[in-house]
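Q:
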Amino acid sequence: MFSFRVVVLILGCLLLTEAARDTLNPGDKLSSNSSDNLVSPIGNVTLGFFRQEYRQTWNGKSFGYYLAMWYAQGTSYNHSIWLANRDDPMADDSGVLVLADTGLKITRIVGNPIQLFSLQSTSITINTSDMKVVLQDSGNLILQGANEENGENVVLWQSFDYPTDSFLPGMKLGVSHGRSFSLTSWLTGSIPASGSFTMEWDPARNRLVVRLRERILWTSGENFENFGSLDSFNMNYNFTNVSNPNEKYVYYTLVISQYTLEERRKNARLVLQDDGDLQLGDIYTINLQLCDSNSTENGCERWEGPKCRKKGDKYELRTIRPTRKDSLNNTLYGNTNLSLKDCKDICWEDCKCLGVAVQDLGCRFLLGYYEEGVSYGDSFEVINRNRPKEYLLDLMTSEAASDVSELQTGNNGRNLNIYTAALIMSATNGFSPENLLGKGGFGPVFKGALDDGQEVAIKRLSSGSSQGLVEFKNELILIAKLQHTNLVRLLGFCVQGEEKMLVYEYMPNKSLDTFIFDDSKRKLLNWDKRFSIIEGIAQGLLYLHKYSRLRIIHRDFVKKWLKIDLKLSNILLDENMNPKISDFGLARIYKTNEAGSNTNRIVGTYGYMSPEYAMEGIFSEKSDVYSFGVMVLEVVSGRKNSSHFEFDRPLNLVGYAWELWKHGGALELMDLALSDSCFKQYQVLRCITLGLLCVEDNPLDRPTMSDVISVLNGEMQLALPKQPAFSTGRRIVETNIGNKEVEIYSLNGLTMSTMDAR
């Protein structure tokens, strides 16, 4: 449903006077803390600053300042038609639009200037004294200047080249001279940030296309037939398709003579709404609420949806009242980057989901047990199909269940499936050896197929865990809360007697080590793919660190639970070779009886453990950074850290990388399998240096994962690494942790505990 957006403007911003100007000359400024705006010659378009909500947080709404264009006062259609900084709002009213000798920019007290145009970006020699910014009646803000060579005026920059959610007459959608132009919706009806929907021109088939994220939802048709029978549209809007070797785009013109100024303000734009609808003036031309995986009418594009969704299934807005607390799931509560359509799309793909609503801070999913036709309740978009009730585990760690039967009655459920032993046996063919994917320290992993055809990975936990059901449940609940594109998702569990099994999403390409350390398969990973894998692992780790530090407050969970056994065999690859971290949190589930002698036994893997963790049992986020550094060096080199290298003494991979780097030969570390592929030398060197920084002896000298991301993106200058730890030597040591003796075996300085995960 269209959510009408009324921009809350700074007091006085819309007051037009006889002195209103449409031009900025060199040295002129436009300030956000005044009522001074630019107004187009005929007075229909205004440029100025306004204050608007930009984020919803746990503590309420946050507001920022934007430089925007809107239709002038006198109509109710004062929603902005263009924003200069939609994804980078200013924190206060210190913003100033300045035309300087160097270009056009917005200065502010908090944060770096927002550069709209820099003279350094053009090869044309411009007389800066002749530059000026002009606001046109078309809604285009242009920066023009005189070419010193021939005296001709040239357009250096224009807002039409940076559209937001409004398609204006004369604006291009498509590609022109290497630049692409498309629309992006607002995130919500009140938040201008980039949202879920985009509209672009498809030059191959001469049609407009609306996408939800990357998926095509709707097309206009080659003759715009899918706009519907709107006489006013066909009569007054003339679309032109331009196609030549350098340009492929569409634009439209408005039949001006048919409109008064008031009507022009109302109709001179097409707006891509936050729910995907395309609004033409005050007429809806397309309604994407009708487009789902089963619909092909009125331009909707069909996609492969879940088998549980049938033709005729659709969302309907209803007032309902959940009858049980396990009827609701707020797993995505707190993700303010999700729109209503995102939430509906997630619900549609989940056969257990009956409906969805969006609260201030994210999605709210309806999972069952609700009443309709009540006089009071909550508004939900409900899928109009009767479905059987399904029991889910509640995400309520404070409530206890005394045995399996209580858990399986669904009294305590949220977004974690409970599977029966019969279902697991059927899915794995009785744990057939043919279904075995691998074995690790926590137990074997089997491939399975559920009744709906979904492929899963089922881990049979070995008997090392002495946890009770309640504690086991609570640990799983916390694991299930961790959801990120670079983490393997926990789907559910099964408890049968003393046996406990975990059900994960299935990763068809298995683990990263099966590619990196295989002479033939490593050739399938070119440098771009390896760099992408390194970035993905870093993003997953950053999420775990931030989530565990800021979001999870659960007794000793923060410091003791998120011990991640980081190694290449625990980095799994999906069908697109995207990396996902697995086995995070299992060390906590697997812990032995706290009354026993092994309470503080270190859980880690040969070659990946940081020195402070291996020798003293001190674990921190920097321990993960160390493991990440080892993995980076392995991905770059194609060799295991435990490999033996001869320099002037026996070295492992970390030590060998350090010696090569120290003597200026770091590129010699690169995998020979990459020599025949295109690779970016600076990226390879950056990754080697980053890997060495991550494995430094002192945890304080290692970067944070936030720093790692900045380095990978080229946003932070690299420091010079120091000699790493665990690079040489051979010894067997004993260390005492918490007054408990723990044996740690070391070969060539690379530490290995007696418990080794897969």
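Here the sequence shown is numbered in the UniProt record's numbering, starting from 1 and rising by one per residue.
Just so it is clear, CB atoms sit at the ideal spot from N, CA and C, and this is done for glycine as well.
This one's a predicted model, so the numbers in the text were calculated from it and none came from an experiment.
(1) Buried or exposed: residue 46, going by 16 or more other Cβ atoms within 10 Å of its Cβ?
(2) State the beta-bridge partners of residue 308 as determined by DSSP.
(3) Is the CB-CB distance between residue 525 and residue 515 below 8 Å?
(4) Quick check: the Cα distance between residue 645 and residue 488, rounded to an integer number of angstroms?
(5) Where residue 761 and residue 104 are concerned, what is the direct C-alpha to C-alpha distance, given to the nearest angstrom?
(6) Would you check if the region 507-521 and the region 621-638 touch, i.e. whether three or more CB-CB distances between them fall below 8 Å?
(7) Under three-state DSSP, which class holds residue 716?
(8) Could you pull the DSSP bridge partners for residue 114 from this structure?
(9) Okay, do the region 150-169 and the region 183-199 touch, 3+ Cβ pairs below 8 Å being the bar?
(10) So which of 172, 160, 176, 287 has the shortest CA-CA distance to residue 219?
(11) Helix, strand or coil for residue 80? Go by DSSP, reduced to three states.
(12) Using only alpha-carbon positions, find the residue among 620, 682, 708, 723 that is nearest to residue 655.
(13) Cutting at 6 Å between CB atoms, please list the residues of its own chain near residue 679, excluding the five before and the five after it.
(14) Report yes if the C-beta of residue 132 is less than 7 Å from at least one heavy atom of the ligand GTP; otherwise report no.
(15) Flag this pair as touching only if the region 91-105 and the region 129-140 have three or more C-beta atom pairs under 8 Å; answer yes or no.
(16) For residue 295 and residue 507, I'd like the C-alpha separation in whole angstroms.
(17) Decide if residue 239 is buried, meaning its Cβ has at least 16 other Cβ atoms within 10 Å, or exposed.
(18) Is residue 525 helix, strand or coil when you go by DSSP?
(19) Count the other CB atoms within 10 Å of the CB of residue 451; is the residue buried (16 or more) or exposed (fewer)?
(20) Less than 8 Å between the C-beta atoms of residue 759 and residue 571, yes or no?
(21) Buried or exposed for residue 696, going by 16 or more other Cβ atoms inside 10 Å?
(22) Taking the C-alpha atoms as reference points, what is the distance between residue 215 and residue 346?
(23) With DSSP as the reference, please indicate the residues paired to residue 438 in a beta bridge.
(24) Express the C-alpha separation of residue 83 and residue 156 in angstroms, rounding to a whole number.
(25) Cutting at 8 Å between CB atoms, please list the residues of its own chain near residue 538, excluding the five before and the five after it.
(26) Specify the secondary structure class of residue 120 as computed by DSSP and reduced to three states.
(27) Which residues in the same chain as residue 91 place their Cβ atom closer than 6 Å to its Cβ, once the five residues preceding and following it in sequence are excluded?
(28) I'd like the list of long-range same chain contacts for residue 701, defined as Cβ closer than 8 Å, with 5 residues on each side in sequence excluded.
(29) Let me check one thing: in DSSP terms, what residues is residue 146 bridge-paired to?
(30) Could you tell me the alpha carbon to alpha carbon distance between residue 269 and residue 169, rounded to whole angstroms?
(31) Buried or exposed: which applies to residue 421, given that a residue is buried once 16 or more other Cβ atoms fall within 10 Å of its Cβ?
(32) Using a Cβ-Cβ cut-off of 6 Å (strictly less than) and excluding sequence neighbours within five positions of residue 556, which residues of its own chain qualify?
(33) Helix, strand or coil: which one does DSSP assign to residue 425?
(34) Alpha carbon to alpha carbon, how far is residue 144 from residue 154? Give it in angstroms, no decimals.
(35) In the DSSP assignment, what residue or residues form a beta bridge with residue 460?
(36) Taking the alpha carbon of residue 427 as the reference point, which residue from 481, 494, 379 has its own alpha carbon closest?
A: So, from the listed chains and residues:
(1) Around the beta carbon of residue 46, 16 or more other beta carbons lie within 10 angstroms, which makes this residue buried.
(2) According to DSSP, residue 308 bridges with nothing at all.
(3) yes
(4) 34 Å
(5) Only positions 1 to 758 of the chain appear in this structure, which leaves residue 761 out of reach.
(6) yes
(7) coil
(8) 106
(9) yes
(10) 287
(11) strand
(12) It is 723.
(13) 527
(14) With respect to the ligand GTP, the structure offers nothing, as it holds no ligand at all.
(15) By the Cβ criterion, the region 91-105 is in contact with the region 129-140, since at least three pairs of Cβ atoms, one from each stretch, lie closer than 8 Å.
(16) Rounded to whole angstroms, residue 295 to residue 507 spans 30 Å at the Cα level.
(17) Residue environment for residue 239: exposed (fewer than 16 other C-beta atoms within 10 angstroms of its C-beta).
(18) Shown here, residue 525 sits in coil according to DSSP, grouped into three states, outside any helix or strand.
(19) That one is exposed.
(20) Outside the modelled stretch of the chain, which goes from 1 to 758, sits residue 759, for which no answer is possible.
(21) buried
(22) 13 Å
(23) 445
(24) 18 Å
(25) 628, 705, 708, 709, 712
(26) Looking at residue 120 - three-state DSSP - the assignment turns out to be helix.
(27) 110
(28) Excluding positions up to five away in sequence, the list reads 693, 722.
(29) For residue 146, the beta-bridge partners assigned by DSSP are 127, 153.
(30) 7 Å
(31) exposed
(32) Because residue 556 carries a pLDDT of 34, less than 50, the predicted location of this residue cannot be relied on, and the following value inherits that uncertainty. So the list is empty, once near-sequence residues are dropped.
(33) Looking at residue 425 - three-state DSSP - the assignment turns out to be helix.
(34) 6 Å
(35) In DSSP, residue 460 forms a bridge with 501.
(36) 494
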